[in-house]
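Quick note: the sequence shown uses numbering that gives the first Met the number 0, first residue 0, plus one each step.
Glycine included, every Cβ here is placed at the ideal spot set by N, Cα and C.
Only a predicted model underlies this, so the values are computations on that prediction, with no experimental measurement involved.
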Amino acid sequence: MTKEEFQKLTERVLILDGATGSNLIAAGMPRGVCAEKWILEHEEVLMELQRAYVNAGSQVVLAPTFGGNRTNLTRYGLQDQARELNHRLVDVTKRAVDGKAYVAGDITTGGKILGADAEATYENALENYREQISYLKEAGVDLLIAETMINIDETIAAVEAAGEVCDLPILCSMTVEADGTVFSGGSAREAAMTLQEMGASAVGINCSVGPDQLEAVVSGIKEIATVPVLVKPNAGMPTITEKGEARYSMNAEDFAEHMMKLIERGAGVVGGCCGTTPEFIRALCQRLR
Numbered sequence: 000m001t002k003e004e005f006q007k008l009t010e011r012v013l014i015l016d017g018a019t020g021s022n023l024i025a026a027g028m029p030r031g032v033c034a035e036k037w038i039l040e041h042e043e044v045l046m047e048l049q050r051a052y053v054n055a056g057s058q059v060v061l062a063p064t065f066g067g068n069r070t071n072l073t074r075y076g077l078q079d080q081a082r083e084l085n086h087r088l089v090d091v092t093k094r095a096v097d098g099k100a101y102v103a104g105d106i107t108t109g110g111k112i113l114g115a116d117a118e119a120t121y122e123n124a125l126e127n128y129r130e131q132i133s134y135l136k137e138a139g140v141d142l143l144i145a146e147t148m149i150n151i152d153e154t155i156a157a158v159e160a161a162g163e164v165c166d167l168p169i170l171c172s173m174t175v176e177a178d179g180t181v182f183s184g185g186s187a188r189e190a191a192m193t194l195q196e197m198g199a200s201a202v203g204i205n206c207s208v209g210p211d212q213l214e215a216v217v218s219g220i221k222e223i224a225t226v227p228v229l230v231k232p233n234a235g236m237p238t239i240t241e242k243g244e245a246r247y248s249m250n251a252e253d254f255a256e257h258m259m260k261l262i263e264r265g266a267g268v269v270g271g272c273c274g275t276t277p278e279f280i281r282a283l284c285q286r287l288r
């Protein structure tokens with residue numbers, strides 16, 4: 000997909016998928032394991048979920064490459080399998096969507112704030128993203144999404160790396176507090192302004208809170224946005240059970256109702272994060288129709 004083709008797609012609201020991780024945990028994935036490795040050992044679990052998202056109305060489905068960068072894989076001793084893992088994970092999603100949705104290569108933070116230690120440098124982040132994005136390009140993704148980002152400078156590195164490696168659109172999504180504050184400093188509005196200037200094809204927010212808390216944040220981003228605004232929030236706020244399980248406050252209808260308010264405020268690329276399921280995407284699509 001070219002950047003021009005992506006812009007054409009976003010002339011109408013573009014529907015992403017919902018959560019992956021929380022649904023895999025509900026389906027039996029243990030906490031603390033390498034999700035990428037577990038998925039490849041249980042492909043059908045992911046494929047069933049992604050088929051359900053397509054049937055619900057998702058136009059873009061994220062390949063489960065979220066933690067597929069070298070920094071994350073090193074924690075599990077899998078860094079030398081980075082290319083193979085990214086290729087295989089994209090292939091699983093391609094087979095699941097069967098040409099009925101676009102496949103996004105999903106990338107995220109290395110987990111450290113730049114400058115926190117000698118290893119957390121801009122150059123290291125740039126190399127980390129160059130490597131993974133090159134594998135995703137080889138695997139044939141249609142676009143890239145840098146999501147749940149916690150640091151503006153690191154997200155800039157992801158956009159720069161994408162520009163060096165390929166011509167694919169890259170969508171950038173920060174995780175923020177309800178007031179729009181980025182966890183490592185700055186704001187979602189500031190991040191959006193910088194990232195679109197760097198060449199991001201869409202800018203916005205995901206995870207952290209529910210859509211009911213983001214109307215002012217989305218309005219603030221829309222005021223300065225020259226590219227589509229991406230919003231992929233959680234299913235409300237979670238409570239943690241005695242067994243350590245997260246229970247989110249919103250059902251599918253409530254989520255869809257609040258997402259429509261965000262669309263009215265300017266969100267143009269929308270989906271769900273933690274706690275959402277295909278039913279949440281279906282409810283949103285029904286309201287849009």
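Assigned with DSSP and collapsed to three states, TYR75 falls in coil, not helix or strand.
Every beta strand (DSSP E) of 3 residues or more that sits fully in the region 55-125 is shown, in chain order, as 59-61 and 101-106. A distance below 6 Å between beta-carbons, with the five flanking residues on each side excluded, links ILE112 to the following residues of its chain, in chain order: ASN150 and SER183. One alpha carbon belongs to GLY219, the other to ARG188, and they sit about 6 Å apart. VAL228 sits away from GLY198, with the two beta carbons spaced by 7 Å or more. In the DSSP assignment, ARG246 is bridged to THR238. Secondary structure of THR154 (DSSP, three-state): helix. Here ASN85 is buried, its C-beta having at least 16 other C-beta atoms within 10 Å.
A contact is defined here as three or more CB-CB pairs under 8 Å, and the region 73-87 fails this definition with respect to the region 117-128. Apart from the 5 residues on each side of it in sequence, ASP141 sits with its Cβ closer than 7 Å to the Cβ of MET0, TYR101, VAL102 and ALA103 in its chain, given in chain order.
Residues of the same chain with a CB within less than 6 Å of the CB of ALA160, apart from the 5 flanking positions on each side, are LEU125, TYR128, ARG129 and ILE132 in chain order. Listed in chain order, the non-local C-beta contacts of GLU176 below 8 Å within the same chain comprise PHE182, SER207 and VAL208, local neighbours out to five positions each way being set aside. For the pair of segments examined, the region 3-15 was found not to touch the region 24-38: the number of CB pairs separated by less than 8 Å stays below three. DSSP places VAL217 inside the alpha helix (DSSP H), whose first and last residues are 214-223. The C-beta of VAL53 has 16 or more other C-beta atoms within 10 Å across all chains shown, which makes the residue buried. DSSP lists ALA145 and VAL202 as the bridge partner or partners of CYS171. Scanning its chain for C-beta atoms nearer than 7 Å, with the 5 sequence neighbours on each side dropped, one finds around GLN58 the residues LEU13, ILE14, ALA100 and TYR101, in chain order. In the DSSP assignment, GLY20 falls within the alpha helix (DSSP H) that extends over 20-25. Annotation for ALA245: SER21, PRO237, THR238, ILE239, CYS273 and GLY274 place their beta carbon closer than 8 Å to its own, counting only its chain and skipping 5 residues before and after. Annotation for ALA266: the continuous beta strand (DSSP E) segment containing it runs 266-269. Contact between ILE155 and THR193 is confirmed by a C-beta separation of about 7 Å, below the 8 Å threshold. Taking ILE204 as reference, the option from THR107, VAL217 and HIS41 with the minimal CA-CA separation is VAL217.
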